[in-house]
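Since the structure comes first, as structure tokens, the remarks are kept for the end.
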Amino acid sequence: MRLETAVFEPQTDSPFEQFRIWLAEAEASEVEDDVNVMTLATADSSGRPSARIVLMKKYNENGIVFYTNTKSQKGLELAMNPFGALLFYWRSIRSQVRFDGPVVPVSTDEADEYYATRPRNSKIAAWASKQSLPLSNRGTLMQAFDYFDNKYSNALVPRPPYWSGYRLSPRRVEFWRDKQFRLHDRFVFARKAESFPWKLQRLFP
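Position one of the sequence shown corresponds to residue 1 (the UniProt record's numbering), numbered consecutively onward.
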């Protein structure tokens, strides 16, 4: 049986530029407009992991940015253990990208700037939801939404003090592309710190 012979080779020496190239491929081929969907994994102080889907809102050479309630489970875990992992998977191009590294809060100005772009109802929801805490029934949530909707009916909706963003600044970025018989192509860019150059290495699948 003939094996697939096409081999993926990195097109750049920057993982962020390689990510941009693959993201553009996914944007052109994914059925749904959800190429910025990613899995975020965090861990508590004892190392017990948890994972959930979040949305990438920004990326550049400094890292990947997402937003959340800082009192949520992920927010509390990042306060205890400020490291995380992100995973993007795009079925249409049979590829995934993994980012691992320290996570830091974005600046107040950056959080305010992004919050101002959100739809009004999403801003109200940020006030209404005590994210990750027990909820007796959905009616309680909707009552809270109505309360803040009325409270800010004639005013701009401010950013809650507990709602902000985080930036994962990767120390390791892995690119994976599906191949026949699980003979996948895998490359990893790694560095010790932000001031260090990236080193590129091919991995066994």
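Positions of the beta carbon are idealized from the N, C-alpha and C atoms, including for glycine.
N- and C-terminal bounds of the beta strand (DSSP E) containing residue i
| i | result |
| --- | --- |
| residue 61 | Premise fails: residue 61 is in no beta strand (DSSP E) and is neither H nor E. |
| residue 175 | 172-177 |
| residue 165 | 163-168 |
| residue 73 | It is not in any beta strand (DSSP E) - residue 73 instead sits in the alpha helix (DSSP H) that spans 73-80. |
| residue 43 | 37-43 |
Span separating the alpha-carbon of residue i from that of residue j
| i | j | result |
| --- | --- | --- |
| residue 102 | residue 191 | 12 angstroms |
| residue 22 | residue 173 | 13 angstroms |
| residue 27 | residue 58 | 15 angstroms |
| residue 199 | residue 99 | 15 angstroms |
| residue 138 | residue 16 | 41 angstroms |
| residue 84 | residue 168 | 7 angstroms |
| residue 188 | residue 20 | 16 angstroms |
| residue 117 | residue 24 | 23 angstroms |
| residue 122 | residue 202 | 42 angstroms |
| residue 33 | residue 89 | 13 angstroms |
| residue 148 | residue 66 | 24 angstroms |
Host alpha helix (DSSP H) of residue i (start-end)
| i | result |
| --- | --- |
| residue 147 | 138-151 |
| residue 190 | First-last for residue 190: 185-190, but that is the beta strand (DSSP E), not the alpha helix (DSSP H). |
| residue 108 | 108-115 |
| residue 208 | Summary: the structure shown does not reach residue 208, with the chain confined to residues 1 through 205, and so no result is reported for it. |
| residue 212 | The chain is shown only over 1 to 205; residue 212 falls outside these bounds and no answer can be derived. |
Distance CB(residue i)-CB(residue j) smaller than 9 angstroms
| i | j | result |
| --- | --- | --- |
| residue 43 | residue 81 | yes |
| residue 109 | residue 159 | no |
| residue 165 | residue 106 | yes |
| residue 162 | residue 75 | yes |
| residue 128 | residue 144 | yes |
| residue 38 | residue 78 | no |
| residue 73 | residue 50 | yes |
| residue 197 | residue 64 | no |
| residue 120 | residue 157 | yes |
For residue i, the residue or residues it bridges with in DSSP
| i | result |
| --- | --- |
| residue 88 | 97 |
| residue 200 | 189 |
| residue 49 | 43 |
| residue 69 | 163 |
### Message
Pairs of beta-carbons, one from the segment 81-101 and one from the segment 174-191, closer than 8 angstroms: are there three or more?
### Response
yes
### Query
Should the segment 29-44 be called in touch with the segment 8-19, which here means at least 3 C-beta pairs below 8 angstroms?
no
### Query
Pairing CB atoms from the segment 139-157 with CB atoms from the segment 47-57, are three or more of them under 8 angstroms?
no
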